[in-house]
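Q:
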Amino acid sequence: MKHNFGAGPGILPHEVLKQAAASVVDLNGIGLSILEISHRSVEFEAILEEAIKLVKELLNVPEGYSVLFLQGGASTQFALAPYNLLPDGGKAAYLETGVWANKALKEAKFFGETVVVATSKESNFTYIPKDYVIPADAAYFHITSNNTIYGTQLQEFPISSIPLVCDMSSDIFSRIINVADFGLIYAGAQKNMGPAGTTLVIVKDDILGKTGRKIPAMFNYQAQIEGGSMYNTPPCFAIYVSMLTLKWLKSKGGVAAIETENTAKAAILYDEIERNPIFKTVCAKEDRSKMNVCFVTENPEHEKPFLKLCDEKGIVGIKGHRSVGGFRASIYNALPITSVHVLIEAMQEFAEKNK
Ligand SMILES: *Cc1c(COP(=O)(O)O)cnc(C)c1O
257 MKHNFGAGPG ILPHEVLKQA AASVVDLNGI GLSILEISHR SVEFEAILEE
307 AIKLVKELLN VPEGYSVLFL QGGASTQFAL APYNLLPDGG KAAYLETGVW
357 ANKALKEAKF FGETVVVATS KESNFTYIPK DYVIPADAAY FHITSNNTIY
407 GTQLQEFPIS SIPLVCDMSS DIFSRIINVA DFGLIYAGAQ KNMGPAGTTL
457 VIVKDDILGK TGRKIPAMFN YQAQIEGGSM YNTPPCFAIY VSMLTLKWLK
507 SKGGVAAIET ENTAKAAILY DEIERNPIFK TVCAKEDRSK MNVCFVTENP
557 EHEKPFLKLC DEKGIVGIKG HRSVGGFRAS IYNALPITSV HVLIEAMQEF
607 AEKNK
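Each number in the numbering used here corresponds to the 1-based position in the sequence shown with 256 added.
1. Hey, Leu-591 and Phe-261: beta-carbon distance below 8 Å or not?
2. Can you have a look at Asn-589 and say buried or exposed, based on whether 16 or more other CB atoms are within 10 angstroms of its CB?
3. When the Cα atoms are used, what is the spatial distance from Ala-364 to Arg-544?
4. Among Phe-367, Asn-434, Ala-349 and Ala-445, which one has its Cα closest to the Cα of Ile-418?
5. Taking Leu-314 and Phe-475 to be in contact with their CB atoms under 8 Å, please state how far apart those CB atoms are, rounded to whole angstroms.
6. Threshold first: 4 residues or longer. Then list the alpha helix (DSSP H) segments lying entirely within the segment 419-483, N to C.
7. Helix, strand or coil, according to DSSP, for His-295 in the structure here?
8. Exposed or buried, Gly-570, counting other C-beta atoms within 10 Å across all chains shown (16 or more means buried)?
9. State the Cα-Cα distance for the pair Glu-412 and Thr-400, rounded to the nearest angstrom.
10. Straight-line CA distance for Leu-563 to Tyr-526?
11. Under 6 Å, CB to any heavy atom of ligand 1. Which residues pass, going along the chain?
12. Tell me, which residues are paired with Lys-347 by DSSP?
13. Out of Gly-329, Ser-586 and Pro-472, point me to the one whose CA is closest to Lys-521's CA.
14. Apart from the five residues on each side of it in sequence, which residues of its chain come closer than 7 Å, Cβ to Cβ, to Tyr-487?
15. I'd like to know whether the C-beta atoms of Lys-359 and Ala-395 end up nearer to each other than 8 Å.
16. Do the segment 433-443 and the segment 329-338 make contact, defined as three or more Cβ pairs closer than 8 Å?
17. Spatial neighbours of Ala-220 within its chain, please: CB distance less than 7 Å, with the 5 preceding and 5 following residues excluded, ordered by chain position.
18. Return the first residue and the last residue of the alpha helix (DSSP H) that Tyr-526 is part of.
19. What separation, rounded to the nearest whole angstrom, lies between the Cα atoms of Leu-288 and Asn-434?
20. Does the Cβ-Cβ distance between Val-280 and Ile-267 come in under 8 Å?
21. Residue ranges of each beta strand (DSSP E) run of no fewer than 3 residues wholly in the segment 574-609, ordered along the chain?
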């Protein structure tokens with residue numbers, strides 16, 4: 257068994273993988289594979305219904321919101337958010353906290369004026385800007401809850417009088433959120449919810465239909481809502497495995513329980529980085545992510561040999577993003593604390609050897 261610290265597609269619970277593998281051959285004993293049944297079959301309709309029910313239950317989604325499973329990844333949502341929410345001649349506000357936020361911002365420019373209310377670009381995104389004013393006349397305010405590449409995370413969400421749009425790709429279901437604070441939440445499944453291929457969208461119904469713009473059906477949230485995420489053939493397998501993962505999460509006690517575990521996992525790892533003379537963090541302490549723990553070696557020459565040691569111990573996926581370097585340990589929901597212990601032991605062993 258490997259210790260999978262990869263940033264995405266990320267680790268999935270082992271029992272989910274086993275169940276998914278069995279269903280590829282025979283779904284629930286029906287004599288057909290999950291891969292070869294109609295999306296209009298009773299079996300698949302039950303899977304989609306269960307997936308939506310689990311999202312609503314686990315995140316306590318209030319009335320007046322729709323839950324969609326779409327395709328195209330979070331990157332498609334970068335464009336669909338402004339396409340559906342930003343009227344011609346209107347403006348949209350963005351908090352620039354990294355590469356993903358920046359890509360979202362770029363897509364909005366196709367549809368109207370954009371305002372960057374604050375950025376941490378000058379420090380290579382090592383912190384979350386906090387003192388800013390959200391323009392009340394903007395159509396929405398876009399934020400990225402967890403910056404997967406830099407290892408920063410919004411610990412608190414801004415209070416906004418305009419709809420808050422949030423890319424939660426890398427921390428959805430990792431902590432309790434109040435869905436009612438948001439107009440639109442989206443997340444590619446492959447970090448913390450399931451396999452690549454589907455994107456979760458939670459949208460407040462009454463913010464739609466205000467752009468005066470004609471939107472092709474596949475890009476139109478309203479059309480997708482009316483089609484029940486089945487305007488066309490949905491990504492059946494990705495939805496199925498996401499459903500299994502959400503079921504697993506529920507069986508573990510839900511989001512509150514996993515948040516406690518995630519907090520513990522992050523705390524022991526950051527403690528070790530601070531204690532260990534070989535390593536250091538780069539991000540502002542108050543903004544550190546509980547999902548992607550980024551760190552570097554004090555001495556750049558220690559980088560390669562430490563990666564080698566990790567490899568020997570079955571620790572995979574901890575090389576930092578190419579734009580940041582160093583290391584990134586992604587400690588998503590499905591990663592057991594025992595794997596974090598193995599990483600910490602490797603760090604201690606490395607420090608001992610390099611005294
Ligand atoms: C990975 C990631 C994305 C890109 O997701 P795709 O599904 O590949 O489009 C966007 N935002 C954040 C925060 C991410 O971590």
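By construction, the Cβ of each residue, glycine as well, lies at the ideal position given by its N, Cα and C atoms.
A: Result, derived from the coordinates:
1. Residue mapping note: residue 591 aligns to position 335 of the sequence shown, counting from 1. Residue mapping note: residue 261 aligns to position 5 of the sequence shown, counting from 1. Contact: yes.
2. Position 333 of the sequence shown, counted from the first residue, corresponds to residue 589. That one is buried.
3. As a working note, residue 364 is residue 108 in the sequence shown. As a working note, residue 544 is residue 288 in the sequence shown. Going from the Cα of Ala-364 to the Cα of Arg-544 covers about 28 Å.
4. Here residue 418 refers to the residue found at position 162 of the sequence shown. Comparing Cα positions, the closest option is Ala-349.
5. Working through the sequence shown from its first residue, we reach residue 314 at position 58. Working through the sequence shown from its first residue, we reach residue 475 at position 219. That pair is no contact at about 27 Å.
6. 477-482
7. For this step, residue 295 is matched to residue 39 along the sequence shown. Coil.
8. Within the sequence shown, numbered from 1, the residue matching residue 570 stands at position 314. Classification of Gly-570: exposed, given that the 10 Å Cβ count is below 16.
9. Here residue 412 refers to the residue found at position 156 of the sequence shown. Here residue 400 refers to the residue found at position 144 of the sequence shown. Between the alpha carbons of Glu-412 and Thr-400 lies a gap of roughly 12 Å.
10. The residue you call residue 563 lines up with position 307 of the sequence shown. The residue you call residue 526 lines up with position 270 of the sequence shown. The alpha-carbon of Leu-563 is positioned some 18 Å away from that of Tyr-526.
11. Gly-264, Gly-329, Ala-330, Ser-331, Trp-356, Thr-400, Thr-404, Asp-423, Ser-425, Ser-426, Gly-444 and Lys-447
12. Position 91 of the sequence shown, counted from the first residue, corresponds to residue 347. DSSP output for Lys-347 lists Glu-369 as bridge partner(s).
13. If you number the sequence shown from 1, residue 521 lands on position 265. For Lys-521, the nearest C-alpha among the options comes from Ser-586.
14. Locating residue 487 in the sequence shown gives position 231, where the first residue counts as 1. Excluding positions up to five away in sequence, the list reads Ala-473, Met-474, Ala-479 and Gln-480.
15. One-based indexing of the sequence shown puts residue 359 at position 103. One-based indexing of the sequence shown puts residue 395 at position 139. Cβ distance not < 8 Å, so Lys-359 and Ala-395 don't count as in contact.
16. yes
17. Outside the shown range of the chain (257 to 611) lies residue 220, about which nothing can therefore be said.
18. Here residue 526 refers to the residue found at position 270 when the sequence shown is read from its first residue. Residues 510-531.
19. For the purposes of this step, residue 288 is taken as the residue at position 32 of the sequence shown. For the purposes of this step, residue 434 is taken as the residue at position 178 of the sequence shown. Cα to Cα, Leu-288 sits roughly 39 Å from Asn-434.
20. For this step, residue 280 is matched to residue 24 along the sequence shown. For this step, residue 267 is matched to residue 11 along the sequence shown. Cβ distance not < 8 Å, so Val-280 and Ile-267 don't count as in contact.
21. 583-586, all fully within the segment 574-609.
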